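What follows is a short report on a single structure.
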Amino acid sequence: MELSKYISLSADERLNFFLSTLSITNRTPEYYVNWEKVERETKKFELELNTLNYLIGKMDIYHEALKLFEKQPDLLKAIPSLIASRDKILDILTIDENDNMSFEQLNFSTIDTTRIVDYVDFSEQAGLLDFLQNKANRSLVDYVYGVEAGLDSNARKNRSGSTMEGILERHVAKICQECNLEFKPQATAPYILDTWGITVPVDKSERRFDIAVYSKENNKLWLIETNYYGGGGSKLKAVAGEFTELSQFVRSSDDNVEFIWVTDGQGWKTAHLPLLEAFGHINKVFNLDMLRKDYLYQLFIE
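Okay, so the sequence shown: first residue is 5 according to my numbering, each after it adds one.
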């Protein structure tokens, strides 16, 4: 279906076509692990981890750890990495044999040298000393590489959105080069006004549009937002409402400004009603298949 036919359809017809052409995934191979980040986080404590290899297999590991940390307290800064924690200041609940509870805090960013015993006790109770004594059998640097790769998987949800932004930016850059258009990722309303002289009403002062595309020849601006939802949930209703409201703000501009929403993911099949409402207000909602069929290119050159 060509762009002109798509945008001439009713909201319900456009939605049905949109849902029928959703992608199965936007997960490129780079989605799974950000190895650059894994290496960067591991290298932060590479020296400390290599020194801590000394503790691997030690028989009296509690006292060996106590002596080592008393001599080199900054080695404790590597402990959060070894227990797969991004937090450097840990709030800890302790429950004794009588179910009495107490709370304490250990700062692994700035080591309190008067509390070395507390740090070692925590390492023992967290199972780290047992791991070093009985289970670790090779470089702790290699081990933390694995830990960091696992921690990085928590960022996959954010990477899904970043992947869409990357796909959109590369797609737009290619079109703009071919059609002599200007574009700006993460464009703010003040930037747009200062650079292109176009006023964009926004719903919040810190609003950044994923991509702004400007035609000097027509003095026209397109503002594009993008996201991806592989799974359902209540958030989709809120997202549809947010972009419906944003499109209305944009349309209230006295200048020639158009709002485009590029979104995809099988999750949208679980949010038919809020998405239908959004389609009633936003005429140009595209998915990845529509980008592949040059809908943006056709829109920019019309």
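Yeah, the Cβ is synthetic: ideal placement off N, Cα and C, and Gly gets one too. None of the values given here were measured: they were computed from a predicted structure.
Between the alpha carbons of residue 41 and residue 259 lies a gap of roughly 42 Å.
Between residue 52 and residue 79 a beta carbon distance of about 5 Å is seen, short of the 8 Å cut, so the two are scored as contacting. Restricting attention to 204, 245 and 146, the CA atom closest to the CA of residue 225 is found in 204. A Cβ-Cβ contact shorter than 7 Å links residue 228 with residue 215. In this chain, the beta strand (DSSP E) harbouring residue 261 covers 261-268. CA-CA distance, residue 141 to residue 32, rounds to 34 Å.
Distances from the CA of residue 303 to each of 105, 265, 123 and 130 were compared; the closest alpha carbon is that of 265.
Rounded to the nearest whole angstrom, the CA to CA distance from residue 241 to residue 45 is 36 Å.
Short of 8 Å from the beta carbon of residue 25, and not among the five residues preceding or following it, lie these beta carbons of its own chain, in chain order: 291, 293 and 294. Runs of the beta strand (DSSP E) spanning 3 or more residues and lying entirely within the region 211-257 occur at 212-219 and 224-232, in chain order. When 27, 129, 172 and 72 are compared, the shortest CA-CA separation from residue 87 is found for 129.
Taken through DSSP and simplified to helix, strand or coil, residue 206 comes out as coil. Non-local beta-carbon contacts of residue 144 in its own chain, meaning distances under 6 Å to residues more than five positions away in sequence, involve 53, 56 and 57 in chain order. Within a 10 Å sphere around the beta-carbon of residue 90 sit fewer than 16 other beta-carbons, which makes this residue exposed. In this structure, residue 301 sits near residue 179, with a CB-CB distance shorter than 7 Å. Contact between residue 106 and residue 117 fails: their C-beta atoms lie close to 22 Å from each other, not under 8 Å.
Between the C-alpha atoms of residue 191 and residue 234 there is a straight-line separation of about 26 Å.
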